[in-house]
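Count along the sequence shown from 1, then add 60; that gives the number in our numbering. In this text, a Cβ means the ideal position worked out from N, Cα and C, and glycines have one as well. In this text, all values refer to a predicted model and were calculated from it rather than measured experimentally. Presented below is the structure to which this report refers.
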Amino acid sequence: MKTTASKYGMRLLACVLLAATAGSATAGPGRDGRTDIGKASVRIFADSAAGPIKELNGGNLAPPLMDEEMPGCDIRESFSRLNIPITRLHDAPLENAGMRVVDIPLIFANFHADANDPRNYYFDQTDDYIRNCVESGTQVYYRLGTSIEHSRNKYFTDPPSDAGKWIDVVSNVIRHYTEGKWNGYRYDIEYWEIWNEPDLGPKMWTGTLEAFNDFYATAARELKKRFPHLKFGGPGHCAFGEEKVKAFAENCAKHGAPLDFYSFHYYSPSDTELLQMALDARRWLDESGFPDTEIHLNEWHYNPYGGALWGMGPVEQNEAIRFMRGLESAAFLNTVLIGWQDTPIDRAFYYTVTTTRWGLYDDRTPNKTYYGMQAFGELTRYGERVAAAGNLPEGSRTLAGRNAAGDLAILTACWKSGPLEIAFDIDGIERFGSIEVRMLDPTHDLEKVFSAGTVSGPLKVRTVSESSVILIELKKSRPDPAEK
61 MKTTASKYGM RLLACVLLAA TAGSATAGPG RDGRTDIGKA SVRIFADSAA
111 GPIKELNGGN LAPPLMDEEM PGCDIRESFS RLNIPITRLH DAPLENAGMR
161 VVDIPLIFAN FHADANDPRN YYFDQTDDYI RNCVESGTQV YYRLGTSIEH
211 SRNKYFTDPP SDAGKWIDVV SNVIRHYTEG KWNGYRYDIE YWEIWNEPDL
261 GPKMWTGTLE AFNDFYATAA RELKKRFPHL KFGGPGHCAF GEEKVKAFAE
311 NCAKHGAPLD FYSFHYYSPS DTELLQMALD ARRWLDESGF PDTEIHLNEW
361 HYNPYGGALW GMGPVEQNEA IRFMRGLESA AFLNTVLIGW QDTPIDRAFY
411 YTVTTTRWGL YDDRTPNKTY YGMQAFGELT RYGERVAAAG NLPEGSRTLA
461 GRNAAGDLAI LTACWKSGPL EIAFDIDGIE RFGSIEVRML DPTHDLEKVF
511 SAGTVSGPLK VRTVSESSVI LIELKKSRPD PAEK
């Protein structure tokens, strides 16, 4: 932990300036030698409640089974520290080589077999996989269907040959995990997503999109009859647009099918684009007769390359994706999670939060996006949002929260902002007995860079890189004068 100025000298001073009064401390140029340090300010209204913090830091995938006893490869402990509220089970077999996990064709391998005979189901590995989720403190969001197939031939992406039997099989899976059927469990799994990316083509669905819409309506209608207390939705569209969303929703309305949540995916270079999508989805669903349908962006990631990423050669693409797991991406994911607080989005799931090439780890070691996700996860522990306003560069945002004890946390994402000196004007700062500043930048992985007791006047923090994330925690360790 980098905590003392004596050990880290000017590097620490360049990161954090704690001033007893405004403007009483100075520092040299940023780490990259730039002298054009921008000025920014944030005002925190610590006593002004603004509703709950939306826990939008969901993820895709759980700690893989195949690494549990491989020395240095088990990520269960570090995964738990992320405070992921809910994880979507999709593409699990791609990260668990040789294992029959999650996917319906892997649990019920012979579709010609008796759907009511427990001997025809293989639950063992999925049982263990879901147990990893539960023991890590995250809820489960179960995708019904199959994983993506990048193989030349497609094996499990054909439409079910018998929709009624598929519904029976799925019903037994649901009962195994929520009702204890067949030596099962009574987990509180609320969300059940029907299929994934049917609009992608043969990699996910070899039929027409119109046929899928009808299949969804049939399956969702019957499953809701059998499990009225659970939520069913989908379909995880991979291309987001008004015509596609409305065609799907209006077909549900036509057939009286439930749409408890609408899910879609997007990999974006733009924070404002992702924020606008939540607004668009809400409007299109409302216009289609589904004002109460939840909005779930259940795959998303920073992609500054757009479609060009898929035209790259292996070496170039690997370098690009490695960049997308770096500091700029960590700041991006935080500014998006903060921005979404003021949109109608209900759930979001980062793809992925594990060890895949899109994940939070490099060779099982946490990368910068891991620490970015951890920063937001720690903020959500404070629960109640408090009002904040600021003069920050475009793409940078602040979110503040407080807990029942009156402690305060402030998360600031500086995405492509350049080096900044930020003055945090915090109402009632004198009431806090300790202040800690943690930094995510090129040389710090959400580590403490400064701590102090009571501070009066603005708290000044300097960043030294093009992108960074700041987490400030203030502990109320003495009585509030107003409470006397």
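Under DSSP, P426 forms a beta bridge with Y421. Here N358 is buried: its Cβ has 16 or more other Cβ atoms, across all protein chains shown, within 10 Å. For P112, the enclosing beta strand (DSSP E) stretches over residues 98 to 112. Measuring C-alpha to C-alpha distances from T266 to each of I355, E354, T206, I164 identifies T206 as the nearest. In the structure shown, W370 falls within a helical segment according to DSSP collapsed to helix, strand and coil. If you check the CB distance, D151 and I208 come in under 8 angstroms.
Judged by beta-carbon spacing, S323 lies within the 8 angstroms limit of G296, meaning their Cβ atoms are closer than that value.
Going by beta carbons, Y410 and L506 fall outside the 8 angstroms limit. For L439, the secondary structure class from DSSP, reduced to helix, strand or coil, is helix. Residue pairing from DSSP places I530 in a beta bridge opposite T472, M499.
Within its own chain, the residues whose Cβ lies closer than 6 angstroms to the Cβ of I381, once the five positions on either side in sequence are excluded, are R417, listed in chain order.
Rounded to the nearest angstrom, the gap between the Cα atoms of L319 and P404 is 16 angstroms. Cβ-Cβ separation between L519 and F492: approximately 10 angstroms, too far for a contact (criterion under 8 angstroms). In this structure the segment 449 to 465 does not lie against the segment 141 to 157, because fewer than three pairs of beta carbons, one per stretch, are closer than 8 angstroms. According to the DSSP assignment, D485 belongs to the beta strand (DSSP E) that extends over 480 to 486. In this structure, DSSP gives A460 an extended state, which the three-state scheme calls strand.
The C-beta of Q185 has 16 or more other C-beta atoms within 10 Å across all chains shown, which makes the residue buried. The alpha-carbon of K285 is positioned some 27 angstroms away from that of F216. Looking at the DSSP output, K291 bridges to Y251.
If you ignore the 5 residues before and after P262, its C-beta comes within less than 7 angstroms of the C-beta of K214, T217, all in its own chain and listed in chain order. Excluding the 5 residues flanking it on each side, G132 has same chain C-beta neighbours closer than 7 angstroms at R424, in chain order.
For W226, the CB contacts under 6 angstroms within the same chain, skipping 5 residues up- and downstream, are P220 in chain order. From the listed residues R179, I164, D487, the smallest Cα separation to D107 is found for D487. Your pair D274 and N243 does not check out as a contact, with CB atoms roughly 35 angstroms apart and the cut at 8 angstroms.
The DSSP-derived three-state label of F409 is strand. Beyond the five residues adjoining it in sequence on each side, E533 comes within less than 6 angstroms, by CB distance, of A469, E496 in the same chain, given in chain order.
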